[in-house]
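In this note's numbering, the protein residues as written are 141 to 793.
Notes follow once the structure below has been shown.
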Ligand code: ME8
């Protein structure tokens, strides 16, 4: 975050209490928590607000349906959100409820200010209202003249006396704000959507209702007790009433918000109504409104009726809270829609976390234990590995702007580069060889390099995976805080000499889905059909009639390759690590399960047949970018090779 920011006020939407928290709510809250943790670590005065939105017709009806008093119902559901965030160790500073007395006073105060400055007038409203979205729609926007354009549910015709906010007066001021602040709405594509909408013309906004009761009353001096405030006016005001607006103003110096995190479904309220209200109140604009995309489940919209809603608590309990946090933030570019599948989550845990990060710590513990009784001394890291350190810091320097630009997936991608530098350095400099050659100082420096990289990565990963990174820090004998962030990430300090603490493996491999979840009906049918078809083709194979066309055969790219480097994969009984020249700029790395039959020396400088268009895979932490053809029977395995030497890269077929 640029140094001009001294404080960071970060908010989530306040969630409706008509439903319990699901993965979408968890996503918004976890992103906000990540930003808040980073801000605190980097020394900014940070205030993180979340809470619940408890007024409006929707809530009143939900309570009625359950035969409960609205307040008792709101109390109950609000507590389920708060409990979940507490269980998830969400580092909020305040949990606001729109039924809090201070909040309601603040909303009334705002109404008075807007009324006094001429932005509110009384008239009659006639139009269509969607209770589910708590939104008014002009007839022109309805689907088939009746249904809500947002959620598809039937709208209700409302005709009642109402107070209006002069939103139309703010069209030009809003357009000027978007124009002057190119990153006020993130991602930028969303800003363009908003601009187009506003350019299309703004109607004045009905901001009170008379047909139900469950809301904030108008200020007493207006003497109009049958009106309650429109739930969105009430709700949006939470961002300032939480700081004391309209009561004691205690924390108003934290305003404006550094970022309002929201889902794309509520962008219009935040990017149009909210700034207009603020302008009317004479308050500064928020710095950013950041709208993320929508989560689906196995490609389908989540809904209770389909029984496919993902419960964040279940996922976190099964797979680990920090793993879940990492997955959500890494899997989807901010602003894009994301799909929750256990397979994708398991891949992230086993590959990024297990292979790249967990395994690196294991390697460090192994190396230090074997050669140095667990000791790590960084004194000579710079002497031997300055290039690697420079590479690591070049990556670290790129991170902070990515985070507050909401490019969180890129932040994590970039953060994995130092891990790759570390893993590659072990392969390249081979501590076991250094020790054999008596280069103990160099081997210890390598140890120090790996520990340094792990410590720096742990600091920057902490906001996303706080519990895991605190464990890594314990193993490496340091604490993640503003001091270590300043000295080891902003500065180039390395760890003091220490002895490694052994810790439990951080990312035990997940072999299969851990949650039994109901598959939606049509999905089940698709799976059955697929299973049937697989069975069919398997039986035809047995009969020797699994025929494919020549086009299908040519979809496989087979090439002659020359093995230019060969070594064993440490600790593996089966794997060799080969660099195979297939006529490209650089040799391909291939991990081959052939060690039982071929040694590294056997393979060096021989030719092989390579399947060159396989998706890269990871084996024991090593990327494999191809497969070698071999034949295996009861007498063992032999490689398939060209009969005469051929140029590397020659196509086979
Ligand atoms: O709109 N994918 O509350 P709400 C991603 N009270 N995010 C999702 C999601 C999904 N499938 N479902 C919900 C309200 N969300 C108002 C807000 S703020 C002044 C008032 C997230 O309970 C997303 O952030 O319907 C969305 O904006 C928020 O939950 C809406 O929660």
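The beta-carbon is built from N, C-alpha and C at its ideal position, and this holds for glycine as well.
Checklist entry - Within 10 angstroms of its Cβ, does residue 392 collect 16 or more other Cβ (buried), or is it exposed? => result Within the chain shown, residue 392 is the residue found at index 252, counting from 1. With fewer than 16 other Cβ atoms within 10 Å, it is exposed.
Item to check | C-beta contact flag for residue 794 and residue 718 at 7 Å | outcome: As displayed, the chain neither begins before 141 nor continues past 793, which places residue 794 out of reach and without an answer.
Checklist entry - Should residue 261 go down as buried or exposed, given a rule of 16 or more other Cβ atoms within 10 Å for buried? => result Counting from 1 along the chain shown, the entry for residue 261 is found at position 121. It is exposed - the Cβ of residue 261 has fewer than 16 other Cβ atoms within 10 Å.
Item to check | For residue 233 and residue 188, believed in contact at Cβ under 8 Å, the rounded distance | outcome: The residue labelled residue 188 in the question sits at position 48 within the chain shown. The residue labelled residue 233 in the question sits at position 93 within the chain shown. Cβ-Cβ separation between residue 188 and residue 233: approximately 5 Å, consistent with a contact (criterion under 8 Å).
Item to check | Sufficient close CB pairs (3 or more, under 8 Å) joining the stretch 162 to 176 to the stretch 197 to 216 | outcome: No contact exists between the stretch 162 to 176 and the stretch 197 to 216.
Checklist entry - Does the Cβ of residue 165 lie closer than 6 Å to at least one heavy atom of the ligand ME8? => result Here residue 165 is taken as the residue at index 25 of the chain shown, counted from 1. True, at least one ligand heavy atom lies under 6 Å from that Cβ.
Checklist entry - For residue 485, which three-state DSSP category applies? => result For the purposes of this step, residue 485 is taken as the residue at position 345 of the chain shown. DSSP places residue 485 in helix when its eight states are reduced to three.
Checklist entry - Under 7 Å, do residue 528 and residue 560 count as touching if we go by C-beta distance? => result The residue labelled residue 528 in the question sits at position 388 within the chain shown. The residue labelled residue 560 in the question sits at position 420 within the chain shown. No. Outside cutoff.
Checklist entry - Run through DSSP, which three-state label would residue 676 get? => result Start at 1 with the first residue of the chain shown, and residue 676 comes out as number 536. Model confidence at residue 676 stands at a pLDDT of 37, short of 50, so the residue's coordinates are unreliable; what they give is reported in the following sentence. In the structure shown, residue 676 sits in a helix (DSSP, three-state: H, G or I).
Item to check | Same chain, Cβ closer than 8 Å to residue 412, five either side skipped, listed in chain order | outcome: Along the chain shown, read from residue 1 onward, the residue named residue 412 stands at position 272. So the qualifying residues of the chain are 307, 314, 334, 337, 338 and 342.
Next on the checklist: Can you determine whether any heavy atom of the ligand ME8 sits closer than 6 Å to the C-beta of residue 365, and answer yes or no?
Outcome noted: The residue you call residue 365 lines up with position 225 of the chain shown. Every heavy atom of the ligand ME8 is 6 Å or more from the Cβ of residue 365, so no.
Checklist entry - What is the DSSP secondary structure of residue 234, counted as helix, strand or coil? => result Here residue 234 is taken as the residue at index 94 of the chain shown, counted from 1. Residue 234: strand per DSSP, three-state reduction.
Checklist entry - Exposed or buried, what is residue 285 when buried is set at 16 or more other beta-carbons lying within 10 Å of its beta-carbon? => result Taking the chain shown and counting its residues from 1, the one referred to as residue 285 is at position 145. Its Cβ having fewer than 16 others within 10 Å, residue 285 is exposed.
Item to check | Within the stretch 246 to 316, ranges of the beta strand (DSSP E) (whole runs, at least 3 residues) | outcome: 260 to 270, 275 to 277 and 296 to 305
Item to check | Simplified DSSP state of residue 389, which is helix, strand or coil | outcome: In the chain shown, counting from the first residue as 1, residue 389 sits at position 249. Of the three classes helix, strand and coil, the one that applies to residue 389 here is coil, per DSSP.
Item to check | Segment limits, alpha helix (DSSP H) that includes residue 523 | outcome: Locating residue 523 in the chain shown gives position 383, where the first residue counts as 1. Start and end: 521 to 544.
Checklist entry - Which residues in the same chain as residue 608 place their Cβ atom closer than 7 Å to its Cβ, once the five residues preceding and following it in sequence are excluded? => result If you number the chain shown from 1, residue 608 lands on position 468. If we look at residue 608 and ignore the five residues flanking it on each side, its Cβ neighbours are 462 and 646.
Checklist entry - Quick one: does the C-beta of residue 383 sit closer than 6 Å to a heavy atom of the ligand ME8? => result Residue mapping note: residue 383 aligns to position 243 of the chain shown, counting from 1. No, since every heavy atom of the ligand ME8 falls outside the 6 Å radius drawn around the Cβ of residue 383.
Checklist entry - Which residues mark the beginning and the end of the beta strand (DSSP E) in which residue 189 is found? => result On the chain shown, position 49 is the one that residue 189 refers to. Element bounds for residue 189: 185 to 193.
Checklist entry - Cβ-heavy atom distance between residue 376 and the ligand ME8 below 6 Å? => result Here residue 376 refers to the residue found at position 236 when the chain shown is read from its first residue. Yes - the ligand ME8 has a heavy atom lying nearer than 6 Å to the Cβ of residue 376.
Checklist entry - For residue 435, is the beta carbon positioned less than 6 Å from some heavy atom of the ligand ME8? => result Taking the first residue of the chain shown as 1, we reach residue 435 at position 295. Yes, since a heavy atom of the ligand ME8 falls inside the 6 Å radius drawn around the Cβ of residue 435.
Checklist entry - Less than 6 Å between the CB of residue 160 and some heavy atom of the ligand ME8, yes or no? => result Sequence index remark: in the chain shown, residue 160 carries index 20 (1-based). Result no, Cβ not under 6 Å from the ligand ME8.
Checklist entry - How long is the line joining the alpha carbons of residue 323 and residue 379, rounded to whole angstroms? => result The count along the chain shown starts at 1 and reaches residue 323 at position 183. The count along the chain shown starts at 1 and reaches residue 379 at position 239. Distance between residue 323 and residue 379, taken at the CA atoms: about 20 Å.
Next on the checklist: For a test of the three-state rule: what should DSSP assign to residue 755, helix, strand or coil?
Outcome noted: In the chain shown, counting from the first residue as 1, residue 755 sits at position 615. Here residue 755 sits in coil by DSSP.
Item to check | Residue range of the alpha helix (DSSP H) that includes residue 171 | outcome: In the chain shown, the residue the question calls residue 171 occupies position 31. That run of the alpha helix (DSSP H) goes 163 to 181.
Checklist entry - Taking the continuous beta strand (DSSP E) assigned at residue 738, which residues delimit it? => result Reading the chain shown from its first residue, position 598 is the one you call residue 738. Run containing residue 738: none; DSSP gives neither H nor E here.
Checklist entry - Closest to residue 383 by CA distance: which of 289, 149 and 469 is it? => result Within the chain shown, residue 383 is the residue found at index 243, counting from 1. Selected option, being the one with the closest Cα: 149.
Item to check | Contacts around residue 164, its chain only, beta-carbon distance under 6 Å, and the 5 residues preceding and following it disregarded | outcome: The count along the chain shown starts at 1 and reaches residue 164 at position 24. So the list reads 435, once near-sequence residues are dropped.
Item to check | Assigned exposure category for residue 248 - 16 Cβ within 10 Å defines buried | outcome: Counted from its first residue, the chain shown places residue 248 at position 108. Per the 10 Å Cβ criterion, buried.
Checklist entry - What number of angstroms, rounded off, separates the C-alpha of residue 737 from the C-alpha of residue 770? => result Within the chain shown, the letter at position 597 stands for residue 737. Within the chain shown, the letter at position 630 stands for residue 770. In a straight line, the C-alpha of residue 737 is about 11 Å away from that of residue 770.
Item to check | residue 429 - DSSP class collapsed to helix/strand/coil | outcome: In the chain shown, the residue the question calls residue 429 occupies position 289. Looking at residue 429 - three-state DSSP - the assignment turns out to be strand.
Checklist entry - Can we say the stretch 507 to 514 touches the stretch 289 to 297, given the rule of at least three CB pairs closer than 8 Å? => result no
Checklist entry - Would a C-beta distance cut-off of 7 Å place residue 464 and residue 546 closer than the cut-off? => result As a first step, residue 464 is located in the chain shown; it is residue number 324 there, counting from the start. As a first step, residue 546 is located in the chain shown; it is residue number 406 there, counting from the start. Contact flag unset, no.
Item to check | residue 755 versus 550, 399 and 695, residue with shortest Cα-Cα distance | outcome: Counting from one through the chain shown, the residue named residue 755 turns up at place 615. Nearest of 550, 399 and 695 to residue 755, Cα basis: 695.
Checklist entry - Counting only beta-carbon atoms, is residue 753 nearer than 7 Å to chain D? => result Any reference to chain D falls outside this structure, which holds one protein chain only.
Checklist entry - Name the DSSP bridge partner or partners of residue 147? => result The count along the chain shown starts at 1 and reaches residue 147 at position 7. Bridge partners of residue 147: 185.
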